[in-house]
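Student: Last residue of the sequence shown? That's 356 in the numbering used here, and every number before it is there in order. C-beta atoms are modelled at their ideal positions from N, C-alpha and C, and glycine is treated no differently.
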Amino acid sequence: MRDLLSMTIEEMKQFAGQLGEKPFRGKQIYAWLNRGVCDFDEMTDLSLSLRQKLENGLRNGDFTIGGCRVADVQKDDTDGTRKFLFELGQDDGDRDFVEGVFMKYRYGNTLCVSSQIGCRMGCRFCASALGGFVRNLNAGEMLGQLLAAEKYTGEEINHIVVMGMGEPFDNYENVSKFLRLLHDEAGKNMSYRNMTVSTSGIVPMIDRFAEDFPQVNLAISLHRLTDEGRSAIMPINRKYPLDELLAAARRYTDKTHRRITFEYTLIRGENDSDEDVELIRKRLGGMLCHVNLIPLNKVEETGFDGSTRSRAEEIAAALESAGIPATVRRELGGEIDGACGQLRRISSCPNTSFSL
Ligand code: SAH
């Protein structure tokens with residue numbers, strides 16, 4: 001069924017035309033929806049007859065307003081991070097949930113958005129892979145996470161990172177539509193520079209992304225710099241090995257002149273030795289990049305442990321002195337399993353004691 005929240009402004013103008021209305025009415029509906037107003041009665045600049053037409057269409061199932069709603073929230077009081085459980089508003093009768101994380105940074109509020117329910121990539125250390133793959137989210141369901149989080153917190157979200165559950169480049173069409181919706185000046189009007197997409201390394205999509213979104217930040221999850229070692233923890237490496245991945249990263253920086261972020265999750269005893277650091281230095285030296293070191297967050301089922309913070313700082317310093325910009329990611333949401341790699345599929349609302 002047609003989902004109004006997934007429509008671009010052009011599609012919304014056509015939709016207005018199909019209702020026998022002028023195209024600018026579509027723009028008005030678009031603006032309301034993108035402000036988080038989903039009740040036609042509140043769209044006060046529309047005529048009463050149009051509002052009724054819309055209400056009837058919705059009731060008859062001619063279209064839907066998908067998106068999502070907040071089903072549960074956990075709050076980390078130490079840093080203001082909130083982990084949201086969003087219930088998706090699809091119309092197939094299933095109750096589906098994804099998680100998203102709201103974080104406060106010096107430069108503004110950021111939402112970590114999920115792009116799929118579950119994930120196909122199967123990275124050994126990540127909770128998102130544990131429940132398997134269920135389905136892609138549509139653009140409205142990604143936008144809906146942001147609108148629901150804004151409504152709940154009463155705060156404006158001006159940055160997004162597509163680093164929640166799922167592999168965004170395994171759902172390229174919907175993710176790119178989502179970025180365009182966010183950017184549209186009649187909607188959220190978010191600058192492309194405030195958006196970041198993170199991939200486990202789907203090479204053809206990196207080239208496409210450089211072409212389509214040269215201003216959006218790109219992050220690549222590396223985690224290891226030998227093919228054997230990387231394939232052991234990230235199965236995608238068998239399809240797109242390191243040489244190909246790093247060549248794509250170079251094409252990206254050549255084309256966009258933008259610094260690429262390499263995420264490197266530090267797993268104790270697996271990828272944090274001096275030899276590993278030397279490999280990073282050898283393979284990334286001279287690239288227009290930044291290495292983001294993330295001490296692994298514990299996921300019980302995986303059996304891996306994170307490196308200590310002090311080891312992470314040591315590695316960052318070693319890389320810096322070799323001329324490779326590196327930082328240790330500030331950990332937010334660790335208290336509530338809302339940190340990187342801890343988002344997992346939940347198939348029913350846990351109905352915790354937390355009330356909204
Ligand atoms: N599928 C995309 C988006 C996920 S982003 C990607 O792989 O890039 C989430 C980031 O957290 C990725 O870099 C991922 O590898 C990393 N990550 C996964 N599990 C983690 C864990 N347990 N601790 C720390 N980081 C983890």
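Can you say whether Y252 is buried or exposed, counting buried as having 16 or more other CB atoms within 10 angstroms of its CB?
Tutor: Classification of Y252: buried, given that the 10 Å Cβ count is 16 or more.
Student: How many Å lie between I65 and L50 at the Cα?
Tutor: If I take the Cα positions, the gap works out to 16 Å.
Student: Kindly indicate which three-state DSSP category H183 falls into: helix, strand or coil?
Tutor: Here H183 sits in helix by DSSP.
Student: Mind reading off the beta-carbon distance from M163 to S200? Whole number of angstroms is fine, and I expect it under 8 Å.
Tutor: Going by Cβ atoms, the distance from M163 to S200 rounds to 11 Å, so no, they are not a contact pair.
Student: On the criterion of 16 or more Cβ atoms from any shown chain inside 10 Å, does P204 qualify as buried, or is it exposed?
Tutor: With fewer than 16 Cβ atoms within 10 Å of its Cβ, P204 is classed as exposed.
Student: May I ask you to report which of helix, strand or coil DSSP gives F86?
Tutor: Reduced to three states, the DSSP call for F86 is strand.
Student: Give, in chain order, every unbroken run of the alpha helix (DSSP H) that is at least 4 residues long and sits entirely within the stretch 181-259.
Tutor: Taking only runs of at least 4 residues, the alpha helix (DSSP H) segments lying wholly in the stretch 181-259 are 203-212, 227-233, 236-239, 242-256.
Student: State the start and end residues of the unbroken alpha helix (DSSP H) segment that holds R311.
Tutor: Note, R311: alpha helix (DSSP H), 309-321.
Student: For G17 and I9, I'd like the C-alpha separation in whole angstroms.
Tutor: Whole-angstrom Cα-Cα distance: 12 Å.
Student: What do you reckon, are the CB atoms on G100 and S115 nearer than 7 Å?
Tutor: No, the Cβ-Cβ distance between G100 and S115 is not below 7 Å.
Student: Which value, in whole angstroms, describes the spacing of the CA atoms of Y264 and V291?
Tutor: Straight-line Cα distance between these residues: approximately 7 Å.
Student: Please identify the residue among F125, G323, N34 whose C-alpha is closest to the C-alpha of N189.
Tutor: Taking only the C-alpha atoms, the option nearest N189 is N34.
Student: Hey, is E263 close to the ligand SAH, as in C-beta under 6 Å from one of its heavy atoms?
Tutor: Yes, the ligand SAH has a heavy atom inside 6 Å of this Cβ.
Student: Cβ of L222 versus every heavy atom of the ligand SAH: is any distance shorter than 6 Å?
Tutor: Incorrect: L222 has no Cβ contact closer than 6 Å to the ligand SAH.
Student: Please state the DSSP three-state secondary structure of L5.
Tutor: Here L5 sits in helix by DSSP.
Student: Find the nearest neighbour of F86 within the set D76, L58, V70, judged by alpha-carbon distance.
Tutor: When only C-alpha atoms are compared, the closest one is V70.
Student: With a threshold of 6 Å (Cβ to nearest heavy atom), would S114 be considered close to the ligand SAH?
Tutor: No - the ligand SAH has no heavy atom lying nearer than 6 Å to the Cβ of S114.
Student: For Y152, which of M7, R230, R82, L245 has the nearest alpha-carbon?
Tutor: Nearest C-alpha to Y152: R82.
Student: State the CB to CB distance for the pair L5 and G67, rounded to an integer number of angstroms; the pair is presumed to be in contact (CB under 8 Å).
Tutor: Between G67 and L5 the Cβ distance is about 5 Å, and since that is below 8 Å, they are a contact.
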